[in-house]
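Please read the structure below before turning to the comments.
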Amino acid sequence: MDTTTTVRTIPALFEDAVQRAPSKPWLTFEDSTYTYAEAHERVAAIACALRELGVERETMVLATTRNSPEYLFTWLALMRLGAVLLPVNPASSGQELAGLAGQVRPELVVTDGGLRELVERSIADSARVVLVEELAGA
1 MDTTTTVRTI
11 PALFEDAVQR
21 APSKPWLTFE
31 DSTYTYAEAH
41 ERVAAIACAL
51 RELGVERETM
61 VLATTRNSPE
71 YLFTWLALMR
81 LGAVLLPVNP
91 ASSGQELAGL
101 AGQVRPELVV
111 TDGGLRELVE
121 RSIADSARVV
131 LVEELAGA
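Quick note: the sequence shown, position 102, residue 102 per our numbering, numbers continuous.
Rendered as structure tokens:
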């Protein structure tokens, strides 16, 4: 009996699903629906933008955004690159953000427009801050 186990990464599983059903709906959020192929294109574009920002395998990225398709696409892009993602509750206080950033010392912080001021004030000059909306527009 074969007892070997094949370990598949989330990005690899997503790639397989894109190949099997590119035109099938993958995500519906509010009034928008994304097919597997559309999501794949967005993830690839965001991964490219992140790579241009210096994100690579084991790069520490702190992310605090509210729920959005762009956050999910960014999460998948970071996984594709092999980055280390530290998701942070968007309801965290400035003091909590500063404490986490001080402990993990991220190279990049991803946030959204509504949280930008709090994040920039809390993290100050310890890491580059980029908006998830800007990554998604890449």
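For every residue, glycine included, the Cβ atom is placed at its ideal position computed from N, Cα and C. Everything numeric in this text was worked out from a predicted model, so none of it was measured.
Bridge partners - residue i, DSSP secondary structure assignment
| i | result |
| --- | --- |
| P25 | T35 |
| T64 | T111 |
| R128 | L108 |
Cβ-based burial, residue i [other Cβ within 10 Å; buried from 16]
| i | result |
| --- | --- |
| I10 | exposed |
| A47 | buried |
| R122 | Per the sequence shown, residue 122 should be read as Ser rather than Arg. Its Cβ being crowded by 16 or more others within 10 Å, S122 is buried. |
| P25 | exposed |
| V222 | One cannot answer for residue 222 here, as it falls past the ends of the chain, which runs 1 to 138. |
| E156 | Nothing in the structure corresponds to residue 156, since the chain is present only between 1 and 138. |
Anticipated Cβ contact below 8 Å, residue i with residue j, distance rounded
| i | j | result |
| --- | --- | --- |
| V61 | P106 | 6 Å |
| D112 | R66 | 6 Å |
| P90 | L115 | 6 Å |
| V110 | V130 | 6 Å |
| F29 | L76 | Rounded, the Cβ-Cβ distance is 14 Å, inconsistent with contact. |
| P69 | S92 | Their Cβ separation, rounded to whole angstroms, is 22 Å, which puts P69 and S92 out of contact at 8 Å. |
Segments of 4+ residues assigned as alpha helix (DSSP H) that fall wholly inside the segment 67-109: DSSP runs (the alpha helix (DSSP H)) wholly in the segment 67-109: 69-81, 94-104.
Would you be able to state if there are at least three C-beta pairs under 8 Å between the segment 29-49 and the segment 86-97? no
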